[in-house]
Each structure stands twice: as structure tokens, then as C-alpha cells.
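Counting from 1 along the sequence shown, just add 793 to a position and that's the residue number in my numbering.
Below is one structure, written out as C-alpha cells, with a few remarks after it.
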Amino acid sequence: MVFDKELLDSITARAEESPRLRMNLDMRNSTEDYSQRMLNALEPGTVLPIHRHCKSSETVVVLRGAMEQHLYDENGNETECVRVAAGSDTAGMSVPAGQWHRAVALEHGTVIFEAKDGKYEPLSENDILK
């Protein structure tokens, strides 16, 4: 698979049509693949809750566009905000396992490559900060 403009445009078009304003492309080899690799198109206005992945770190590289990665403490207080943008001095970052975080898309057409350790596990209620 080549991450070319045609592929990124295709994922972005699907994100624009989605009520959630985001769309991912699963890049695992099968459902039994014990890794998580995906392209994720995020449009401004998509709502990602403050959440954590207790068993996995999360690595994000911005392929196109820009986003902010907000980090939080256990009480929901923001502790850091990192602007991550394609072609910038900060094009990606890794969020440690257990760290509360959320992403905010800053530009139309933002597409990220995202990878997590281990097999996919849906977030539980305890992993979403309310």
C-alpha cells in the first residue's frame, strides 16, 4: 500500500461524509493480527473524548494537515498541548500507556498514521474521562 495523495484524498472524502467527521483505514493483515496500524482521517469538528489506553502506547505521525494532542491528568486537567503537523519540526509523538489524551484536528484533510501495541481492544467506560 502506497500512502499517496489518492489514498489520503479517498479517506478524507469518507471522513467528510461521516457524521463523526473521521474515518480510519485498518492496515492489519487480519483480525488476528496482534498490532494496531491504521490511517485515520480527522476533520475539524470531530469529537474525540478524553481517553486512555491502559495496555498500549499510541504513536501518531501526521501525514497531512495538523492536529493538537492534548494530555490530561487523572482529574481531567490539561497538562500539555502539543501541535503536531506534517512537515513541521513536530510531525509525530508517542503517548505512553495509561496517559489521558485526545486529539483535535486543526486543518481540513488531516490524515494521521496511528499505531498501538497489542491486539485491538475497545475502550471500556473506565477508559473514557467524563
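Quick reminder that beta carbons are idealized off the backbone N, C-alpha and C, glycines included.
None of these values were measured; they are calculated from a predicted model.
Contacts around residue i, its chain only, beta-carbon distance under 8 Å, and the 5 residues preceding and following it disregarded
i, result
"Leu832", "Phe796, Leu800, Leu801, Ile804, Asn817, Leu818, Met820, Leu856, Val904, Ile905, Phe906 and Glu907"
"Glu867", "Trp893"
Residue i burial status per 10 Å Cβ neighbour count (16 or more: buried)
i, result
"Lys909", "buried"
"Gly858", "buried"
"Ala932", "Only positions 794 to 923 of the chain appear in this structure, which leaves residue 932 out of reach."
"Gly911", "exposed"
"Met794", "exposed"
Pair within 8 Å by beta-carbon distance, residue i and residue j
i, j, result
"His844", "Arg895", "yes"
"Ser849", "Ala890", "yes"
"Thr872", "Leu864", "yes"
"Gln862", "Tyr913", "no"
Of the listed residues the options, nearest to residue i (C-alpha basis)
i, options, result
"Glu900", "Ala879, Glu825 and Leu864", "Ala879"
"Arg876", "Asn870, Ser887, Asn868 and Asp866", "Ser887"
"Gly869", "Met794, Glu810, Ile921 and Ser811", "Ile921"
"Lys798", "Asn822, Ala834, Ser811 and Glu810", "Ala834"
"Cys874", "Ser881, Met860 and Asp882", "Met860"
"Pro915", "Ser811, His846, Ser881 and Asn822", "His846"
"Glu836", "Ser811, Lys923 and Ser881", "Ser811"
Heavy atom of the ligand NAP within 7 Å of residue i beta-carbon
i, result
"Val855", "Questions concerning the ligand NAP fall outside what the structure shown contains, since it holds no ligand whatsoever."
Close beta carbons around residue i, own chain, < 7 Å, minus the five adjacent residues each side
i, result
"Leu841", "Arg895 and Ala896"
"Thr839", "Arg813, Leu814, Arg815 and Ala898"
"Val854", "Ala884, Gly885, Ile905 and Phe906"
"Tyr827", "Gly911 and Lys912"
"Gly902", "Thr805, Arg857 and Gly858"
Cutoff 6 Å; reference residue i; Cβ partners in own chain excluding five residues on either side
i, result
"Ser881", "none"
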